[in-house]
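Accompanying notes for the structure given below.
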Amino acid sequence: MDNKAFDRVLDECLDRLSAGESVEQCLARYPDQAARLGPLLRVAKASRSACEFEPSADAVRRARLKLAIASADRRAAARAARKPGLLERFFSRPLPVAAVASMAVIALTVLLVVIPSLPPGSIVTPTGEPGTSAPTVEPSSTTPTSPTSPTSPTSPTAPTPSSTPATPTSEPTQPPATEPPVTVLAVPAKNGNFVFYLSDAPNDIANFESLSITVDSVELRPQSGPAVSMTVEAEPVDLVPLQGDIAQEIWRGDVPPGDYKAVLLHVSAVEGILASSGQSADVVLPSDRLRISMDFSVSGDEATSFVFDVTVHRTGNAGEGARYILSPQASESGVNQPIQPVQGQKGAGAGTTSANGSAGTLPPGQDRKPDDKPRSQKQDPTPASQDSSAST
Amino acid sequence: MVRQSNGEHTVVDAAERLSALFDSCYPRIARYAYARTGNRTDAEDIAAEVFLRALESLDSYQERGLPMEAWLFRIAHNLVVDHLRRGGRFERADEDEETLPDSPDPARIAEERLMMADVRAAMARLTPDQRNVVSLRFFGGLSSKETAEVLHKSDGAVREMQRAALEKMRGLLAT
């Protein structure tokens with residue numbers, strides 16, 4: 000065996016060692032090369048174990064916080080330096096604005112002053128007949144632009160039998176067939192197959208009198224296909240009462256059954272009040288969405304409950320300069336977490352999906368009965384969640 | 000109903016991927032840095048700095064098309080090299096002043112310390128390229144292909160350097 004071939008064998012065996020195979024198992028695969036391979040694999044193994052090193056938990060925590068703060072600062076800077084819109088850019092340039100204004104004044108002058116003062120018959124229409132008005136467009140010859148335009152013969156916009164056949168209404172307004180949807184909207188429903196709860200891990204939440212977050216929407220990322228978006232009533236949820244197993248339902252409805260790999264919580268606002276001073280706290284949300292990467296399944300037959308656990312960590316010393324980072328807690332989240340469901344808090348407004356299918360609080364007089372537990376409490380949730388990670 | 004993705008989403012996704020890689024990559028990068036520096040605190044600081052640098056350079060990363068994990072190790076490699084140039088304690092085989100994790104067995108501590116010193120002494124005798132390959136492959140946990148991407152080498156060259164490094168270390172550790 001030449002050196003190149005041996006290099007490949009050695010490389011493969013080193014990968015196998017990394018994956019947990021023993022030196023002897025590797026040598027058994029290549030008995031002809033054992034004499035040359037064995038000493039090198041033993042050196043590699045000894046070197047690896049000699050420099051075995053695990054960073055301390057404190058170092059990992061500090062590094063994660065640094066990254067979260069840097070992410071938040073980067074996002075804030077990006078927002079501040081946001082590219083101005085078309086109109087903003089247009090009005091920021093005086094020359095084009097002046098040119099367009101001048102053109103408009105000239106056009107208006109021509110329309111209002113010059114044309115009325117001309118003698119009759121001096122305007123030639125496209126038909127060549129002087130003095131007649133421009134041809135009007137018959138309703139029957141127009142092309143409806145909405146795919147939902149009525150098509151019955153009694154409709155005022157419907158084509159008349161004598162008219163030229165109209166262009167198919169769907170073509171101009173439908174997106175190109177080559178662009179698949181990136182996100183589909185899930186439908187809220189009282190007896191839906193998916194229930195989404197919000198909860199809070201203890202950590203530094205004890206420092207708060209209230210810590211309210213406003214969730215705009217929840218997004219499920221499937222293993223394949225378009226993401227599923229759930230619109231949540233945009234009113235704040237206070238995390239302080241939701242510690243431990245206590246969780247608040249913020250969405251219930253139907254989502255496509257299947258395997259999912261991540262959940263994203265889109266948060267539009269965070270407001271914290273410190274218990275010690277009653278002052279507003281500096282709470283940082285590194286990004287406007289919190290993400291938990293986690294494999295789980297949603298069944299079509301029974302309701303799957305998912306708990307998204309949000310936690311807060313203090314960075315820096317306690318006191319006025321303290322800063323808090325909001326982040327997802329993957330280990331406390333998922334579909335197989337024990338929960339004690341609670342109603343939406345008074346004034347918070349985030350609750351269950353109403354019977355008519357829109358997200359919101361339960362209608363007045365329809366408070367949940369003691370035995371009216373979420374379906375997840377009556378049935379075993381769909382088992383899932385193997386590998387998980389959280390990010391902001 | 001339908002939300003189309005755009006450039007901003009792509010950048011946001013990259014930032015999210017970076018955060019998601021933290022848990023799996025931070026320990027490996029720290030291990031790689033430790034193999035090169037022999038100093039636990041420096042290794043942890045370098046690993047933390049890698050993610051901050053990556054976040055700052057996320058826009059330039061978009062243009063390169065390198066796997067993010069390999070890109071992080073390339074940043075780590077550059078930080079280690081910079082640290083060496085500044086006269087850090089890196090790669091001095093006989094100066095690991097770090098205390099090993101608590102162990103009830105003093106003999107085992109001494110044995111581990113000696114073994115670590117031997118390995119580091121052997122690594123210090125390798126060529127810089129060989130040392131980089133060994134560090135990234137054995138301690139960073141990269142494949143030979145990923146190592147090649149980090150070091151701007153071919154897969155074959157990395158495999159060759161890997162074999163040569165192990166043969167040299169074998170000779171050095173046997174004496």
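Protein sequences appear in the order of chains P and A. Heads up, the first sequence is in numbering that gives the first Met the number 0, so the first residue is 0 and it goes up one at a time. Heads up, the second sequence is in numbering that gives the first Met the number 0, so the first residue is 0 and it goes up one at a time. By construction, the Cβ of each residue, glycine as well, lies at the ideal position given by its N, Cα and C atoms. This structure is a prediction, so every number in the text was calculated from the model and none was measured.
- In the DSSP assignment, Tyr-259 (chain P) is bridged to P:Pro-221 and P:Phe-295.
- Residue pairing by DSSP places Glu-248 (chain P) opposite P:Tyr-196 in a beta bridge.
- At a beta-carbon threshold of 7 angstroms, none of the residues of chain A lie near Pro-255 (chain P); the nearest stands roughly 14 angstroms away.
- Rounded to whole angstroms, the gap between the alpha carbons of Pro-66 (chain A) and Leu-172 (chain A) is 35 angstroms.
- The beta carbon of Ala-62 (chain P) sits closer than 7 angstroms to none of the beta carbons in its chain outside the five residues before and after it.
- If you look at Asp-57 (chain P), you'll find it isn't in any beta strand (DSSP E); it sits in the alpha helix (DSSP H) that goes 56 to 79.
- By the rule that beta-carbons nearer than 8 angstroms mark a contact, Gly-139 (chain A) does not touch chain P.
- Interface annotation, Ser-18 (chain A): in contact with chain P, CB-CB separation under 8 angstroms.
- Interface criterion not met: the Cβ of Asp-31 (chain P) is under 8 angstroms from no Cβ in chain A.
- Taken through DSSP and simplified to helix, strand or coil, Pro-240 (chain P) comes out as helix.
- One thing to note: Val-239 (chain P) has its Cβ no nearer than 8 angstroms to the Cβ of Met-229 (chain P).
- Straight through space, the alpha carbons of Gly-191 (chain P) and Leu-83 (chain A) are spaced by roughly 60 angstroms.
- For Arg-73 (chain P), the nearest CB of chain A lies under 8 angstroms from its own CB, placing it at the interface with that chain.
- The shortest CA-to-CA distance from Cys-50 (chain P) to any of A:Val-149, A:His-76, A:Ser-134 and A:Thr-40 is the one to A:Ser-134.
- When only Cα atoms are considered, Cys-24 (chain A) and Glu-68 (chain A) end up about 7 angstroms apart.
- For Leu-325 (chain P), the uninterrupted beta strand (DSSP E) run begins and ends at 322 to 327, by DSSP.
- The alpha carbon of Gln-129 (chain A) has as its nearest neighbour, out of A:Glu-166, A:Ile-74, A:Ala-32 and A:Asp-44, the alpha carbon of A:Glu-166.
- Straight across, the Cα-Cα distance linking Ser-116 (chain P) with Ala-80 (chain P) is about 52 angstroms.
- Against chain P, the CB of Glu-148 (chain A) has no partner CB under 8 angstroms away; the residue lies outside that interface.
- Under a criterion of Cβ atoms nearer than 8 angstroms, the residues of chain P adjacent to Gln-161 (chain A) are, in order, Asp-6, Leu-9, Asp-10 and Leu-13.
- Beta-bridge partners of Gln-339 (chain P) (DSSP): P:Ile-245.
- In terms of Cβ geometry, Ser-267 (chain P) and Arg-74 (chain P) do not form a close pair [threshold 8 angstroms].
- Within the model, the alpha-carbon separation for Phe-207 (chain P) versus Ser-275 (chain P) is close to 8 angstroms.
- For Phe-305 (chain P), no alpha helix (DSSP H) segment is defined; the enclosing uninterrupted segment is the beta strand (DSSP E) at 303 to 314.
- Inter-segment contact for the stretch 132 to 152 of chain A and the stretch 25 to 37 of chain A is present: three or more beta-carbon pairs are separated by less than 8 angstroms.
- Under the 8 angstroms criterion on CB atoms, Val-118 (chain A) is classed as interfacial with respect to chain P.
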